[in-house]
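>
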Amino acid sequence: MEVNGVEADGADLRLLARTSYAHFTSMQVRGGAVRGLDLHVERLDESARELFGRGLDAERVRSCLRHAVAGGPDAVSVRITVFARRMDAVSRGEAVEPEIAVAVGAPAEAETGPLRLRSVEYERDVPHVKHAGTFGLVHQRRQAALAGYDDALFTDRRGRISEASVWNVCFYDGDRVVWPEAAVLPGITMRLLRRGLEAKGVPCERREIRLGDLTPALSAFLTNSISPALPVASVDGMDLTVDPAATNLLLDCYETNPWQPV
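Under numbering that gives the first Met the number 0, the first residue of the sequence shown is numbered 0, with each subsequent residue one higher.
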């Protein structure tokens, strides 16, 4: 792990271990390049402005990322966390200079699924920010596993399907891809899929979806930076269509996005 382009020392690690007010983005780096790197950098800047009152220069982010992966393996996973040393100032509402921590680890391989989901009413705090407050997500995923499922599917207080524990979710009816109309994290992979769907001329829309709208004729997919199109086998025990052709369609759309050098 590096902080601001320098190997993290014990003080850095202790601070990061105590920090819950932070935001991050995760990515897979292959051959010194990332799909959707522009969106990752944009996300970090926008979230830093909201959480700390100051944005992040794109070249500063890229420089920290380049330094962290230089000389390493061809394939790695990277998490960039943005935090502040002066939490007293943050708590007073002052603008502070954000710090950049880059953690590099082993590459993650996409899951193949399909997964069985249990629905639960749950809404994340500040859902449009990928922040460090992930206790609730892990807890809901664990509760689903204890009940015999693979993961949790969230609905909001209005009964609308929103997202899953560490995933966005979409549905496919054989003609168009539908994303839930609800407060969700605008995931990088979700945005790349929407770019690819548009490029390939696949109809795509956003609308409210409730559990009662689900039918066995629908296909559903989970998507994140590791698995761009993971099929869903069922929701609350109701089987959905698992169609390899639909999976391949989404993967093809995702792969229209070029690898961008760090």
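Just so you know, even glycine gets a beta-carbon here, dropped at the ideal spot from N, CA and C. All values reported here derive from a predicted model rather than from experimental measurement.
Which of the three DSSP states is assigned to N167 in this structure?
Note: N167 maps to strand in three-state DSSP.
> Per the DSSP calculation, S25 is bridged to which residue(s)?
DSSP output for S25 lists R78 as bridge partner(s).
> Take every Cβ of the stretch 6-14, pair it with every Cβ of the stretch 108-119, and state whether three or more of those distances are shorter than 8 Å.
The answer is no - the stretch 108-119 does not touch the stretch 6-14, with fewer than three Cβ pairs under 8 Å.
> Going by CA-CA distance only, name the one from E207, T214 and P260 that's closest to R159.
Minimum Cα distance to R159 is reached at E207.
> Decide if P72 is buried, meaning its Cβ has at least 16 other Cβ atoms within 10 Å, or exposed.
Exposed is the call here.
> I need the boundaries of the beta strand (DSSP E) containing R205, first residue and last residue.
First-last of the beta strand (DSSP E) with R205: C203 to R206.
> Does DSSP put E162 in a helix, a strand or coil?
Three-state result, E162: strand.
> Provide the residue span of the beta strand (DSSP E) that contains P179, from first to last.
Note, P179: beta strand (DSSP E), V176 to P179.
> CA-CA distance, R209 and P243?
Approximately 24 Å, taken between the alpha carbons.
> Where P97 and T18 are concerned, what is the direct C-alpha to C-alpha distance, given to the nearest angstrom?
Whole-angstrom Cα-Cα distance: 13 Å.
> Output needed for D238: all residues of its chain with C-beta closer than 8 Å, excluding positions within five of it in sequence on either side, in chain order.
The answer, listed in chain order, is P215 and A232.
> Quick one: what does DSSP say H127 is sitting in, helix, strand or coil?
H127: coil per DSSP, three-state reduction.
> Looking at the secondary structure, which residues open and close the alpha helix (DSSP H) in which T222 lies?
Per DSSP, T222 belongs to no alpha helix (DSSP H); it is in the beta strand (DSSP E), S218 to T222.
> Roughly how many angstroms separate the alpha carbons of L177 and M189, rounded to a whole number?
For clarity, residue 177 is Val in the given sequence; the question names Leu instead. Using only the alpha carbons, I get a separation of about 11 Å.
> Please state the DSSP three-state secondary structure of E1.
In this structure, E1 counts as strand in the three-state DSSP scheme.
> Looking at the strands, I want to know which residues DSSP matches up with L50.
In DSSP, L50 forms no bridge with anything.
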